[in-house]
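Undergrad: Just dropping this structure here.
Residue numbers (the working numbering): 5 to 628.
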């Protein structure tokens, strides 16, 4: 073929040509380049990258430059990957630390009886304080979960720190002021203590959700999501144990003979105020969701909706897709006007596209999360799960809050005042609940990860015909459903209440430790497996909101069973006939017996309700 200079070019294979030599002879380079660029102009415009590439090809060592770019890209990719893993690990570690502090309300029994004796509150008033904290802690969880899903855990962590600081400071000052005027003292009114514990309850839910949601979103699609959720949840249960030990053995009052007395409530509250404020402030920067993970989960879910055909029914995505297609998939013009765009104009155009892309992602996320919330609320199995959670956790919350007053009911009135009660110290039972609850959360979380069958339904239920399942390879390992762990744990919980409702604890008060251990184990299992089930059945994209909705149930249950216990306790005192005592505390089965029987029946009903939810999931093909 004749060249531009009239000579005939020989065919040269790329394997015969030295990569370090220019493609054209020096004498032919200018003419050939001009012809090549002219031909190229007719086919496509010369981009900035093409001009830069052409310049680099004309230089010596172009392969070295290309190799250097590749190496730099690999190094940058590895650096970003390492950065993500570091953020993930640090966030998980601080999430565990956060949960270790967030559960301070679980140590209420450590000082609950002192509100009865020192501030002269009635048993109903003491329960009102704990119920106010429970309601504030659980009823606002959906709101905090909504904010956590749509923004990030960091603002919640900061907000929780300030709530804890204000709440415990106010509670400390109220306690130090002494009994209120209506109880014969000159201290602050009763409602101030209620306000303080409302702030404490709100801080508990904020801090807990910030930590657990961070772990769920960073590890929710991994192989070990159960244990990675169980660890921070278990840490939440442990917080009551170590904090009660600090109050018992460090921040205590000294008796007249120099021996250790009850917890110094004022110093204990001040300690918690400072500690939790610091944890919340650090959590503002330490609790981070790994960049890209949440967007990836949302994109995967949107793709699933697109395949199912449900996404096309949305009026939101059609116009946005058209806009995005117009913006992202435009072609180069055939004329030379594109080459006249300056770099600053290109940068502004790129910024505009990036801003529009971010707006699209935000709108897509909000639409998807709202859609998932509707699906979650319309699923009957969710209500079965929530009802069982209500029937189990209500008695559990009431038991933990009233441990300090149940112990004296098992103590004979003739027992020495300064002697250790035969049923055990309140701090010992708080520790027992914390330990057994922690063991249950770790065991159920890890064992369910190991034995649970592979999940096939990580997205909210969609029509059977539109569901696209990806079969997983079968193996011969033993598989056990998570419900097979939850139901026996609930049965153990009922045994604890059944023992308490019998006459045995009055004859052998030491057996009350067994009751506490069984209640702690069943209570911890419910709080571990329920959020894991929610993440498996309905996904992690909207986890904080979904779990927040179900987590309202303990507030209602605690209020119901707290009122039942306090009314039975007060009626027993008013009834006299050996059931009351001069110290203002109740003694005997009548103080708690009917309440314990009701708690036993409540848990048995919960087992039936959860079995119905499990059956509903099986019908839909949901593997839990």
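Idealized CB from N, CA, C, for every residue including glycine.
What does a CB cutoff of less than 8 Å around residue 104 pick up in its chain, not counting 5 residues either side in sequence?
TA: Closer than 8 Å at the Cβ level, and outside the excluded window around residue 104, lie 239, 240, 242, 243 and 246.
Undergrad: Starting from residue 264, trace the alpha helix (DSSP H) in both directions and tell me its first and last residue.
TA: From DSSP, residue 264 is part of no alpha helix (DSSP H) but of the beta strand (DSSP E) over 264 to 267.
Undergrad: Over the uninterrupted beta strand (DSSP E) stretch that includes residue 256, give me the two end residues.
TA: First-last of the beta strand (DSSP E) with residue 256: 256 to 258.
Undergrad: Quick check on this structure: which residue in 215, 456, 205 and 597 has the alpha carbon closest to the alpha carbon of residue 558?
TA: Here the closest residue by C-alpha is 205.
Undergrad: So residue 265 and residue 259 are supposed to be a Cβ contact under 8 Å. How far apart are they, rounded?
TA: That pair is a contact at about 5 Å.
Undergrad: Going by the beta-carbon positions, is the gap between residue 596 and residue 432 smaller than 8 Å?
TA: Contact: no.
Undergrad: Tell me which residue opens and which closes the alpha helix (DSSP H) that residue 192 is part of.
TA: First-last for residue 192: undefined, no H or E at that position.
Undergrad: Please report the distance separating the alpha-carbon of residue 408 from that of residue 561.
TA: For residue 408 and residue 561, the distance between alpha carbons rounds to 19 Å.
Undergrad: Only counting runs of 4 or more residues, tell me where the alpha helix (DSSP H) segments fall wholly within the segment 120 to 169, in order along the chain.
TA: Counting whole runs of 4 or more residues, the segment 120 to 169 contains the alpha helix (DSSP H) stretches 127 to 143 and 145 to 154.
Undergrad: Return the CA-CA distance between residue 402 and residue 83, expressed in angstroms with no decimal places.
TA: Near 50 Å, if we compare the C-alpha coordinates of residue 83 and residue 402.
Undergrad: Can you give me the C-alpha to C-alpha distance between residue 601 and residue 90, rounded to a whole angstrom?
TA: Using only the alpha carbons, I get a separation of about 50 Å.
Undergrad: Flag this pair as touching only if the segment 151 to 164 and the segment 541 to 556 have three or more C-beta atom pairs under 8 Å; answer yes or no.
TA: The segment 151 to 164, when compared against the segment 541 to 556, does touch it at the 8 Å Cβ threshold.
Undergrad: Evaluate residue 195 with the Cβ neighbour count: other Cβ atoms within 10 Å of its Cβ, from every protein chain shown; 16 or more gives buried, anything less gives exposed.
TA: So residue 195 counts as exposed.
Undergrad: How should residue 591 be labelled, buried or exposed, when 16 other C-beta atoms within 10 angstroms of its C-beta is the threshold for buried?
TA: Flag for residue 591 reads buried.
Undergrad: Within a Cβ cutoff of 8 Å, which residues of the same chain sit near residue 256, ignoring the five residues on either side of it in sequence?
TA: Excluding positions up to five away in sequence, the list reads 264, 265, 266, 267 and 268.
Undergrad: Count the other CB atoms within 10 Å of the CB of residue 501; is the residue buried (16 or more) or exposed (fewer)?
TA: Residue 501 is buried by the Cβ-count criterion.
Undergrad: Which runs of the beta strand (DSSP E) spanning at least 3 residues fall entirely within the segment 69 to 129, listed in chain order?
TA: Qualifying beta strand (DSSP E) stretches: none in this window.
Undergrad: Just the Cα atoms here: how many angstroms apart are residue 107 and residue 524?
TA: Roughly 14 Å separates the two Cα atoms.
Undergrad: In chain order, what residues of the same chain have a beta carbon less than 6 Å from the beta carbon of residue 616, not counting five sequence neighbours either side?
TA: Closer than 6 Å at the Cβ level, and outside the excluded window around residue 616, lie 388.
Undergrad: Apply the 10 Å Cβ neighbour rule to residue 405 and answer buried if 16 or more other Cβ atoms are within range, or exposed otherwise.
TA: It is buried - the Cβ of residue 405 has at least 16 other Cβ atoms within 10 Å.
Undergrad: Can you grab the Cα-Cα spacing for the pair residue 216 / residue 262, in whole Å?
TA: The alpha-carbon atoms of residue 216 and residue 262 are separated by roughly 43 Å.
Undergrad: CB-CB under 6 Å to residue 609, same chain, minus the five flanking residues each way: which ones, in chain order?
TA: Contacts found: 395.
Undergrad: Can you grab the Cα-Cα spacing for the pair residue 222 / residue 72, in whole Å?
TA: Their backbone Cα atoms lie some 33 Å apart in a straight line.
Undergrad: Could you give the C-beta distance for residue 435 and residue 528, rounded to a whole number, given that I count them as a contact under 8 Å?
TA: Not confirmed; about 14 Å, so no contact.
Undergrad: Between 532, 515, 621 and 288, which has its C-alpha nearest residue 232's C-alpha?
TA: Taking only the C-alpha atoms, the option nearest residue 232 is 532.
Undergrad: If you check the beta carbons only, do residue 157 and residue 281 fall under 8 Å apart?
TA: Cβ atoms of residue 157 and residue 281: not closer than 8 Å.
Undergrad: DSSP three-state label for residue 492, please.
TA: In this structure, residue 492 counts as helix in the three-state DSSP scheme.
Undergrad: Would the segment 449 to 459 count as touching the segment 478 to 494 if we require 3 or more Cβ pairs under 8 Å?
TA: Contact holds: three or more Cβ-Cβ distances are below 8 Å.
Undergrad: Quick one: using the 10 Å Cβ neighbour count with 16 as the cut-off for buried, is residue 514 buried or exposed?
TA: Label assigned to residue 514: exposed.
Undergrad: Taking only three categories from DSSP, how would you classify residue 184?
TA: Three-state result, residue 184: strand.
Undergrad: Give the range of the alpha helix (DSSP H) segment to which residue 619 is assigned.
TA: It spans 597 to 623 - the alpha helix (DSSP H) in which residue 619 sits, taken as one unbroken run.
Undergrad: So residue 566 is in the alpha helix (DSSP H); what residue range does that whole segment cover?
TA: Residue 566 -> alpha helix (DSSP H) spans 557 to 579.
Undergrad: Looking only at its own chain, which residues have a Cβ that is under 6 Å from the Cβ of residue 199, when we skip the five neighbours before and after it?
TA: There are no such residues.
Undergrad: Along the chain, where does the alpha helix (DSSP H) containing residue 433 start, and where does it finish?
TA: 430 to 455 is the span of the alpha helix (DSSP H), which, as asked, contains residue 433.
Undergrad: Buried or exposed for residue 211, please, with buried defined as at least 16 other CB atoms from any protein chain shown within 10 angstroms of its CB.
TA: Result: buried.
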